[in-house]
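Start counting the sequence shown at 373; every next residue gets the next number (the working numbering).
Glycine residues also receive a C-beta, built at the ideal position from the N, C-alpha and C atoms.
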Amino acid sequence: MTRGDNKLKAQVRALQQLYDLPYAEALRRVQTPRHWQLTPDVEALFAGHGIRGIDLSAPQADLRFWLDCVRTPTGACEICGGPVDARDEPAAIAFEISSYDPDANPRTNVLGTHLRHPACGPSEVRWMIAAILPGDPSEFELCDPDDPDQDDPASADGELYAHPLLTRELDGAVGEWFTGPEPVLCLEARIVNPADGAPGWLSLLGDSWREEDLGDLEETVGTCTWSVRIVTGFPLATGKTNLLFVREDTDEDGEATGHVYRAARDLPTAWLDAARAATRVLVVCGPLPVHDEEPEPWNPADGQTSIETMLREGRALAAYVPIVVEEYQEWPPDQAA
Ligand SMILES: [Zn+2]
């Protein structure tokens, strides 16, 4: 038995398992040659260049196998519109792949492919911006950990509004505690559903923040695993924006294990400058109910209720966490200009 026989058998088996095909049909597909004219950048993609978050050893992730045995070999040329049949004639193909970002898109995906006549245009890889992040606020869901029905516990929907502030903008808050124009990120929670259950749910939210080691005024430098990552100059069809992520924790590959907040949004230039110069940012979360009463509406930017007062009275929790501000980089990073 030759190596080619083994490969053929493995491909037939993979096709049968992945797409539930009869043996004869799978064999026919594997044995029908296709005449792809590929380019070095497509070959590099097949070898894993720029691919992140995907196990390339799995048959369903093998793009060469997919191209030879799975993809429909016929279609319209994306340039001239005429028919292409890769079984009968040389054919080129353009891959659209989503660009990697550790927060916005930790798993690169094939977004689409387009057939071409080689005379119309060569095979190519197009790296696409796939991160469609919502703007502020960021939504969250809370479940009641004490609900006896743990299969379907009571839950609430909420919104987190991020307010980037500089300490010098916080009227009444600049005391001994603050030493300069430091960046502060206030996360203002609102419970939107159920409409009448805010105190109880905000109280639960406060419990979850305490479990993450957010604390009061004296405890702001603790063991909270949160961190803030900002990407500036992120390209959208409508212009450039910033991505703001508050991560729950970061794994050894530098990727977030979850997000407290994620949104595409504008950020004030002065705040970004302060954030670039800083290694840490004070994240303040609130408002929390005191004595089960509906908390006062909290707009950290209005200066009416200082952050210091909120923390002192237990109506907010805070932690100093690492912050990094990065300029948007094209993906993959070593792509030729
Ligand atoms: Zn064509």
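For this session: Ignore the nearest five residues each way along the sequence and tell me which others in leucine 390's own chain have a CB closer than 7 Å to its CB.
Result: Pro431, Gln432
Exercise. In the DSSP assignment, what residue or residues form a beta bridge with tyrosine 395?
Worked result: Partner(s): none; tyrosine 395 has no beta bridge.
For this session: Can you give me the start and stop residues for the beta strand (DSSP E) that proline 455 sits inside?
Result: 455-457
Problem set entry | Spatial neighbours of phenylalanine 437 in its chain, beta-carbon cut-off 8 Å, leaving aside the 5 residues before and after | Gln383, Ala386, Pro431
Problem set entry | For serine 678 and aspartate 543, the rounded distance between their alpha carbons | Here aspartate 543 scores only 48 on pLDDT, less than 50, and its place in the model should not be relied on; the value that follows carries that caveat. Looking at the two C-alpha atoms, the distance is approximately 7 Å.
Problem set entry | Sequence-distant residues of its chain with Cβ nearer than 6 Å to glycine 422 (five each side left out) | Pro704
Problem set entry | 8 Å Cβ cutoff met for arginine 424 and tyrosine 472 | yes
For this session: Out of His631, Asp674, Val656, Glu415, state which residue places its alpha-carbon closest to the alpha-carbon of glycine 686.
Result: Val656
For this session: Please classify asparagine 378: is it buried, with 16 or more other beta-carbons within 10 angstroms of its beta-carbon, or exposed?
Result: exposed
For this session: Can you give me the Cβ contacts of threonine 604 inside the same chain, cut-off strictly under 6 Å, excluding the 5 residues immediately before and after it?
Result: Around threonine 604: Asn614, Glu699.
For this session: Would you check if the distance between the CB atom of alanine 688 and the CB atom of proline 659 is smaller than 8 Å?
Result: yes
Exercise. Would the C-beta of histidine 407 count as close to ligand 1, meaning under 7 Å from any of its heavy atoms?
Worked result: no
Exercise. Where are the beta strand (DSSP E) runs, 3 residues long or more, that stay fully inside the stretch 423-492, in chain order?
Worked result: 446-448, 455-457, 464-470, 482-488
For this session: Kindly list the residues whose CB is nearer than 6 Å to the CB of arginine 479, restricted to its own chain and excluding five residues on each side of it in sequence; keep chain order.
Result: Gly425
Problem set entry | Where tryptophan 581 sits in the DSSP three-state scheme | helix
Problem set entry | Cβ contact (3+ pairs, closer than 8 Å) linking the stretch 612-628 and the stretch 462-476 | They touch, by the three-pair rule.
Exercise. Count the other CB atoms within 10 Å of the CB of glycine 547; is the residue buried (16 or more) or exposed (fewer)?
Worked result: Low confidence applies here, because glycine 547 scores a pLDDT of 44, under 50, leaving its location unreliable; read the following figure in that light. Exposed, because fewer than 16 other Cβ atoms sit within 10 Å of the Cβ of glycine 547.
Exercise. Taking C-alpha atoms, which residue in Lys381, Asp579, Thr641, Asp516 lies nearest to serine 527?
Worked result: Asp516
Exercise. Once you ignore the five residues that flank leucine 354 on each side, which residues in its own chain have a CB closer than 6 Å to its CB?
Worked result: This structure gives no information on residue 354, because the portion of the chain shown stretches from 373 to 709.
Exercise. Do the CB positions of proline 672 and glutamate 560 come within less than 8 Å of each other?
Worked result: yes
Exercise. Taking C-beta to C-beta, are glycine 530 and alanine 636 nearer than 8 Å?
Worked result: Taking 8 Å as the Cβ cut-off, glycine 530 and alanine 636 do not qualify as a contacting pair.
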